[in-house]
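Enquirer: This is the structure I have questions about; it appears just below.
Protein chains: 2
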Amino acid sequence: MPFELTRIFLEKMQEFIAQKDETSIHKILSGIHAADIAQIFRELSDKELLYLYNLLDEEKSADVLAEMEEDERERLLEQLPGDVIASRIIDNMDSDDAADLLGELSEEKQEEILLSLEDVEQAGDIVDLLTYDEDTAGGLMAKELIAVNEEWDVELCVREIRKQAEEVDEFYYVWVIDDDGILKGTVSLKELLISRSNTKIKNIADTEMPSVKTDTPSEEVANIMKKYDLVSLPVVDTIGRLVGRITIDDVVDVIKEEAEKDYQLISGITEDVEYTDSIFLLTRARLPWLVIGLTGGILASIVIGLYEGELKIFPEMAFFLPLIGAMGGNVGVQSSSIIVQGIAAGTIELQGITRKLFKDLKVAFLNGIFLSALIFLYNILISDSFALTLTVSAALFSVILFASVFGSLVPMVLHRLNVDPALATGPFITTINDIIGLSIYLGIGRLMYGIF
Amino acid sequence: MPFELTRIFLEKMQEFIAQKDETSIHKILSGIHAADIAQIFRELSDKELLYLYNLLDEEKSADVLAEMEEDERERLLEQLPGDVIASRIIDNMDSDDAADLLGELSEEKQEEILLSLEDVEQAGDIVDLLTYDEDTAGGLMAKELIAVNEEWDVELCVREIRKQAEEVDEFYYVWVIDDDGILKGTVSLKELLISRSNTKIKNIADTEMPSVKTDTPSEEVANIMKKYDLVSLPVVDTIGRLVGRITIDDVVDVIKEEAEKDYQLISGITEDVEYTDSIFLLTRARLPWLVIGLTGGILASIVIGLYEGELKIFPEMAFFLPLIGAMGGNVGVQSSSIIVQGIAAGTIELQGITRKLFKDLKVAFLNGIFLSALIFLYNILISDSFALTLTVSAALFSVILFASVFGSLVPMVLHRLNVDPALATGPFITTINDIIGLSIYLGIGRLMYGIF
Numbered sequence: 001m002p003f004e005l006t007r008i009f010l011e012k013m014q015e016f017i018a019q020k021d022e023t024s025i026h027k028i029l030s031g032i033h034a035a036d037i038a039q040i041f042r043e044l045s046d047k048e049l050l051y052l053y054n055l056l057d058e059e060k061s062a063d064v065l066a067e068m069e070e071d072e073r074e075r076l077l078e079q080l081p082g083d084v085i086a087s088r089i090i091d092n093m094d095s096d097d098a099a100d101l102l103g104e105l106s107e108e109k110q111e112e113i114l115l116s117l118e119d120v121e122q123a124g125d126i127v128d129l130l131t132y133d134e135d136t137a138g139g140l141m142a143k144e145l146i147a148v149n150e151e152w153d154v155e156l157c158v159r160e161i162r163k164q165a166e167e168v169d170e171f172y173y174v175w176v177i178d179d180d181g182i183l184k185g186t187v188s189l190k191e192l193l194i195s196r197s198n199t200k201i202k203n204i205a206d207t208e209m210p211s212v213k214t215d216t217p218s219e220e221v222a223n224i225m226k227k228y229d230l231v232s233l234p235v236v237d238t239i240g241r242l243v244g245r246i247t248i249d250d251v252v253d254v255i256k257e258e259a260e261k262d263y264q265l266i267s268g269i270t271e272d273v274e275y276t277d278s279i280f281l282l283t284r285a286r287l288p289w290l291v292i293g294l295t296g297g298i299l300a301s302i303v304i305g306l307y308e309g310e311l312k313i314f315p316e317m318a319f320f321l322p323l324i325g326a327m328g329g330n331v332g333v334q335s336s337s338i339i340v341q342g343i344a345a346g347t348i349e350l351q352g353i354t355r356k357l358f359k360d361l362k363v364a365f366l367n368g369i370f371l372s373a374l375i376f377l378y379n380i381l382i383s384d385s386f387a388l389t390l391t392v393s394a395a396l397f398s399v400i401l402f403a404s405v406f407g408s409l410v411p412m413v414l415h416r417l418n419v420d421p422a423l424a425t426g427p428f429i430t431t432i433n434d435i436i437g438l439s440i441y442l443g444i445g446r447l448m449y450g451i452f
Numbered sequence: 453m454p455f456e457l458t459r460i461f462l463e464k465m466q467e468f469i470a471q472k473d474e475t476s477i478h479k480i481l482s483g484i485h486a487a488d489i490a491q492i493f494r495e496l497s498d499k500e501l502l503y504l505y506n507l508l509d510e511e512k513s514a515d516v517l518a519e520m521e522e523d524e525r526e527r528l529l530e531q532l533p534g535d536v537i538a539s540r541i542i543d544n545m546d547s548d549d550a551a552d553l554l555g556e557l558s559e560e561k562q563e564e565i566l567l568s569l570e571d572v573e574q575a576g577d578i579v580d581l582l583t584y585d586e587d588t589a590g591g592l593m594a595k596e597l598i599a600v601n602e603e604w605d606v607e608l609c610v611r612e613i614r615k616q617a618e619e620v621d622e623f624y625y626v627w628v629i630d631d632d633g634i635l636k637g638t639v640s641l642k643e644l645l646i647s648r649s650n651t652k653i654k655n656i657a658d659t660e661m662p663s664v665k666t667d668t669p670s671e672e673v674a675n676i677m678k679k680y681d682l683v684s685l686p687v688v689d690t691i692g693r694l695v696g697r698i699t700i701d702d703v704v705d706v707i708k709e710e711a712e713k714d715y716q717l718i719s720g721i722t723e724d725v726e727y728t729d730s731i732f733l734l735t736r737a738r739l740p741w742l743v744i745g746l747t748g749g750i751l752a753s754i755v756i757g758l759y760e761g762e763l764k765i766f767p768e769m770a771f772f773l774p775l776i777g778a779m780g781g782n783v784g785v786q787s788s789s790i791i792v793q794g795i796a797a798g799t800i801e802l803q804g805i806t807r808k809l810f811k812d813l814k815v816a817f818l819n820g821i822f823l824s825a826l827i828f829l830y831n832i833l834i835s836d837s838f839a840l841t842l843t844v845s846a847a848l849f850s851v852i853l854f855a856s857v858f859g860s861l862v863p864m865v866l867h868r869l870n871v872d873p874a875l876a877t878g879p880f881i882t883t884i885n886d887i888i889g890l891s892i893y894l895g896i897g898r899l900m901y902g903i904f
């Protein structure tokens, strides 16, 4: 059964640490997966963390570090000298994890660690990987892979795999290359196990496997692996030479992070924070959007102020200010989120912007008619001002149309400009639609009261 | 390079279909992955779809069907007779995909297809799988797997794998069981390739691999596979017998769907819709939350109506109604989304509700002080009513505190009650906070104007 971190377990662990009871700690830690140990680390103080970490063997201490959250990892690495990081940690990591870890450190510390590494080839791999943008295939890939020549037979291939396998922790495909290192396809381990030993690799290789270039964005990498159900994806350079591979677990993280980022933007949070972060971080992540919201509110107050005369005579106009504002906001968020999800899934590329907006307009029209009719009925029954009844319904209808089209348009335009369309969701759309909605409402109100 | 569906490609394809140019179509389709063909299908009419589908060979037609979206698949299956579905499609599918597909059909159609299947063992597997809830490990797993006895040696094991491998498309682990079928561990294909042929499986098996029970919820399955970076996870019954396995590609879909569901809820959309869906579906998915928002707006108008007297005398009170409402909404959404994400990631379980709320209160306090100070400064400069200045600042501060705690509390309570906490995000929180925020503001206003 999977491990579950309970409060009782944690208290016991902290007790053992306080008593420096190494035997009990070793016994517990040896039965737990690195990912679980990383989770325990989250809950410990700096001192407890360092003590526990030093009790781990080399292999496991590297695994645990690879599993830790970035901020936790920094907390630990700050307490360790560069040569220890090199020999105990980096040396036991896959190149992609090692590059990620070094990427988080200062340039001086990076240099210190890289120069302390005994394996120069490994240091070279890491230096290579550090040159890639972390949001591209190059930034995701690892250098460790098993490659065989297409001209070999199965027997030679298996011999070669045995040799190469020592370096590589886990692998699911063997990549097939030609004499120039150009990627030709892949052979699954299953195929190697079930084929005759004199079969040529060429004849059992799958040549349809997709590949990506080092500069392919990680979001596209994730979409490709998801679409084709791949557990491993080869990365090639400009002329098609195999330079690395990306495994599904790294891409699962990308998918999670993308989803979380979009979720944070729509909920008005500007940084990647979690509930367990410090109060300062949580506040900092929330303030920027709130300040924008506040500015929007101030602008709204100015707009309303322009109609102070009307409000004095017809104070009931004020009753529906929040309704109009909120509906504009809600409709805008709905529209923008549908577009943002469509862009992320790559499903809305085939039509032009005008056609999309026209479709959105039709949906808004249906929603608008229905909701305006509802509020019209309500006001006919409740309000004794027909001018107000007409104003609220007409304004609600216009606001729904406007907010819907605007909510769709902004993310599409941002996407065209290569800006993350998710920026247009949440408080941004809400605030703008709030203000414009109120202007429409008050403008229609002035008109109506002029007529009636 | 991965395939990209362009408008030009699509038009050419439709031309070939219209001309019934089978040679050209075969040439195109043979070079494209099943997932890409499924994507092409989305853009075709019923007639084009059926024509194209019938040109695929059996193996590929099953693969394509497994890749299609649920609604598209239904559109196609409606046009095919039961025995064709059985022999051409189900027969070529893994049991999990087959069960998913059958689960979408009516009971009569299910029975018709199951009885037409020639392979009774396969039919039995599917019937077994259909009994599990689709949101559990049982609903995700496939029955096809390679299992070997822990007492065997590598050579016997490889021989057995060759035999079993015909049935199983792709596999990355071989599961190790004892004589009673109890799961004992796993052997990676890599290990089998590099071990000596007389090594006992027992000695190279990894016994630390986690497993799940058939009734483990899919969200937990996804968290486990993500946490331990697994590509395949064994499923056992109550007494520990191996009954199936879940692969990472199915879990990637679960992760995506979970994230999309939360995203939809926070953006006020009640159904799993996509941009490409019909106008009717899109409208239906958006209306419910809008009606709730409208009701909230009406309630707000009633609350404001209670203060009509004050608004007549001090119409400038109305200027800040949208600001207070919007800020309450924004803060509430921020708080609830942080809690919802924490619950989904399983990171906030260790503390009690009171401690969590207290932390949230501290964050809200900092945000509140800062924002109230800002609006206080603004109003001191702009407004000539000190009562209004005080009212807006005091109300904003109270609303931020209240909305924050309320936004955190509701998802936590829902979670305790085993209701999806994400229901508490988006328009729900916004609407309630809107109304309560306005009441606080107007109440404080009445008090202030009484004093000054």
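Those protein sequences? They're chains A and B, same order as listed.
Going left to right, the first sequence walks through residues 1 to 452 as the working numbering numbers them.
Going left to right, the second sequence walks through residues 453 to 904 as the working numbering numbers them.
Note that beta-carbon positions come from the ideal geometry of N, C-alpha and C, so glycine has one too.
Here the structure is a predicted model, which means the values were calculated and not measured.
1. If I'm right that residue 781 of chain B touches residue 675 of chain B with Cβ under 8 Å, what's the distance once you round it to whole angstroms?
2. Does DSSP put residue 686 of chain B in a helix, in a strand, or in coil?
3. Compare the beta carbon distance of residue 746 of chain B and residue 375 of chain A with 8 Å and say whether it is the shorter of the two.
4. Is residue 38 of chain A near residue 67 of chain A, with beta carbons less than 8 Å apart?
5. Can you give the Cα-Cα distance for residue 752 of chain B and residue 327 of chain A, rounded to whole angstroms?
6. Find out if the Cβ-Cβ distance for the pair residue 333 of chain A, residue 440 of chain A is shorter than 8 Å.
7. Between A:425, A:407, A:387 and A:392, which has its C-alpha nearest residue 450 of chain A's C-alpha?
8. Would you mind stating whether residue 242 of chain A and residue 147 of chain A have Cβ atoms separated by less than 8 Å?
9. Residue range of the alpha helix (DSSP H) that residue 694 of chain B falls in?
10. Out of A:321, A:422 and A:396, which has the shortest C-alpha to C-alpha gap to residue 343 of chain A?
11. Could you tell me whether any Cβ in chain A is nearer than 8 Å to the Cβ of residue 466 of chain B?
12. Would you list, in chain order, the members of the region 63-87 of chain A that have their beta-carbon closer than 7 Å to a beta-carbon of chain B?
13. For chain D, find out if any of its Cβ atoms is closer than 8 Å to the Cβ of residue 208 of chain A; answer yes or no.
14. Mind listing the chain A neighbours of residue 779 of chain B? Cutoff is C-beta to C-beta under 9 Å, in chain order.
15. Do you know offhand how far residue 426 of chain A's Cα is from residue 268 of chain A's?
16. Would you please verify whether the beta carbon of residue 572 of chain B is less than 8 Å from any beta carbon of chain A?
17. Can you give me the C-alpha to C-alpha distance between residue 862 of chain B and residue 815 of chain B, rounded to a whole angstrom?
18. Going by DSSP, name the residue or residues bridged to residue 456 of chain A.
19. Just verifying my parser: in three-state terms, what is the DSSP assignment at residue 650 of chain B?
20. How big is the Cα-Cα spacing for residue 592 of chain B and residue 731 of chain B?
21. Could you tell me if residue 472 of chain B is buried or exposed, where buried requires 16 or more neighbouring beta carbons within 10 angstroms of its beta carbon?
22. Please state whether DSSP places residue 634 of chain B in a helix, a strand or coil.
23. Specify whether the region 116-136 of chain A and the region 93-104 of chain A touch according to this definition: at least 3 beta carbon pairs, one from each stretch, less than 8 Å apart.
24. Helix, strand or coil: which one does DSSP assign to residue 759 of chain B?
25. Nearest to residue 136 of chain A by alpha carbon, out of A:403, A:379, A:383 and A:250?
26. Starting from residue 831 of chain B, follow the beta strand (DSSP E) in both directions and report where the run begins and ends.
27. Here's the rule: buried if 16 or more other CB atoms are within 10 angstroms of the residue's CB, otherwise exposed. What is residue 163 of chain A?
28. Check each residue of the region 151-168 of chain A: if its Cβ is closer than 7 Å to any Cβ of chain B, include it; give the result in chain order.
29. Between the Cα of residue 62 of chain A and those of A:160, A:92, A:291 and A:345, spot the shortest distance and give me the residue it belongs to.
30. Buried or exposed for residue 264 of chain A, going by 16 or more other Cβ atoms inside 10 Å?
31. At 7 Å on the CB atoms, spell out the chain A contacts of residue 872 of chain B, in chain order.
32. Can the beta-carbon of residue 240 of chain A be found less than 8 Å from the beta-carbon of residue 435 of chain A?
33. Would residue 385 of chain A count as contacting chain B if we go by Cβ distances under 8 Å?
34. When Cβ atoms are compared, which residues of the region 228-239 of chain A fall closer than 7 Å to chain B?
35. Grab me the residues of residue 232 of chain A's own chain with a C-beta within less than 8 Å of its C-beta, minus the 5 sequence neighbours each way, in chain order.
36. Is the number of C-beta pairs between the region 311-321 of chain A and the region 751-771 of chain B that are closer than 8 Å three or more?
Expert: Straight from the coordinates:
1. The residue you call residue 781 of chain B lines up with position 329 of the second sequence. The residue you call residue 675 of chain B lines up with position 223 of the second sequence. With 8 Å as the limit, residue 781 of chain B and residue 675 of chain B do not qualify as a contact, their Cβ atoms being about 31 Å apart.
2. In the second sequence, residue 686 of chain B corresponds to position 234, counting from 1. In the structure shown, residue 686 of chain B sits in a strand (DSSP, three-state: E or B).
3. Counted from its first residue, the second sequence places residue 746 of chain B at position 294. Counted from its first residue, the first sequence places residue 375 of chain A at position 375. Cβ distance < 8 Å, so residue 746 of chain B and residue 375 of chain A count as in contact.
4. Counting from 1 along the first sequence, the entry for residue 38 of chain A is found at position 38. Counting from 1 along the first sequence, the entry for residue 67 of chain A is found at position 67. Contact flag set, yes.
5. The residue labelled residue 752 of chain B in the question sits at position 300 within the second sequence. The residue labelled residue 327 of chain A in the question sits at position 327 within the first sequence. One C-alpha to the other measures close to 12 Å.
6. Looking up residue 333 of chain A in the first sequence gives position 333. Looking up residue 440 of chain A in the first sequence gives position 440. Contact: no.
7. Counted from its first residue, the first sequence places residue 450 of chain A at position 450. It is A:387 whose Cα lies nearest to the Cα of residue 450 of chain A.
8. Mapped onto the first sequence, residue 242 of chain A falls at position 242. Mapped onto the first sequence, residue 147 of chain A falls at position 147. Contact: yes.
9. On the second sequence, residue 694 of chain B is found 242 positions in, with the first residue counted as 1. Here residue 694 of chain B belongs to no alpha helix (DSSP H); instead the beta strand (DSSP E) covers 694-699.
10. Taking the first residue of the first sequence as 1, we reach residue 343 of chain A at position 343. It is A:422 whose Cα lies nearest to the Cα of residue 343 of chain A.
11. Within the second sequence, residue 466 of chain B is the residue found at index 14, counting from 1. So no, residue 466 of chain B is outside the interface.
12. none
13. No chain D is present in this structure, whose protein chains are A and B.
14. Locating residue 779 of chain B in the second sequence gives position 327, counting from the first residue. Correct list: 290, 293, 294 and 297.
15. In the first sequence, counting from the first residue as 1, residue 426 of chain A sits at position 426. In the first sequence, counting from the first residue as 1, residue 268 of chain A sits at position 268. When rounded, the distance between both Cα atoms is 6 Å.
16. Residue numbering aside, residue 572 of chain B sits at position 120 when the second sequence is read from its first letter. Closer than 8 Å: no.
17. Stepping through the second sequence from its first residue, residue 862 of chain B is reached at position 410. Stepping through the second sequence from its first residue, residue 815 of chain B is reached at position 363. Their backbone Cα atoms lie some 17 Å apart in a straight line.
18. For chain A, the structure presents residues 1 to 452; residue 456 of chain A sits outside this window and is missing.
19. As a first step, residue 650 of chain B is located in the second sequence; it is residue number 198 there, counting from the start. Coil, per DSSP.
20. Here residue 592 of chain B is taken as the residue at index 140 of the second sequence, counted from 1. Here residue 731 of chain B is taken as the residue at index 279 of the second sequence, counted from 1. Roughly 32 Å separates the two Cα atoms.
21. Residue numbering aside, residue 472 of chain B sits at position 20 when the second sequence is read from its first letter. Classification for residue 472 of chain B: exposed.
22. Taking the second sequence and counting its residues from 1, one reaches residue 634 of chain B at position 182. In this structure, residue 634 of chain B counts as strand in the three-state DSSP scheme.
23. yes
24. Stepping through the second sequence from its first residue, residue 759 of chain B is reached at position 307. Reduced to three states, the DSSP call for residue 759 of chain B is coil.
25. Counting from 1 along the first sequence, the entry for residue 136 of chain A is found at position 136. Cα-wise, what sits closest to residue 136 of chain A is A:250.
26. One-based indexing of the second sequence puts residue 831 of chain B at position 379. Per DSSP, residue 831 of chain B belongs to no beta strand (DSSP E); it is in the alpha helix (DSSP H), 805-834.
27. Here residue 163 of chain A refers to the residue found at position 163 of the first sequence. Residue 163 of chain A is exposed by the Cβ-count criterion.
28. 158, 161, 162 and 165
29. Your numbering for residue 62 of chain A matches position 62 in the first sequence. Residue A:92 is the option with its Cα nearest to residue 62 of chain A.
30. Here residue 264 of chain A is taken as the residue at index 264 of the first sequence, counted from 1. With 16 or more other Cβ atoms within 10 Å, it is buried.
31. By one-based count along the second sequence, residue 872 of chain B stands at place 420. Per Cβ cutoff of 7 Å: no residues; residue 872 of chain B is ~15 Å from chain A at best.
32. Here residue 240 of chain A is taken as the residue at index 240 of the first sequence, counted from 1. Here residue 435 of chain A is taken as the residue at index 435 of the first sequence, counted from 1. Against a cut-off of 8 Å, the Cβ pair of residue 435 of chain A and residue 240 of chain A comes out as no contact.
33. As a position in the first sequence, residue 385 of chain A is number 385, starting the count at 1. Cβ-Cβ to chain B under 8 Å: no for residue 385 of chain A.
34. 228, 229 and 231
35. The residue you call residue 232 of chain A lines up with position 232 of the first sequence. Here the set comprises 171, 172, 173, 245, 246, 247 and 248.
36. yes
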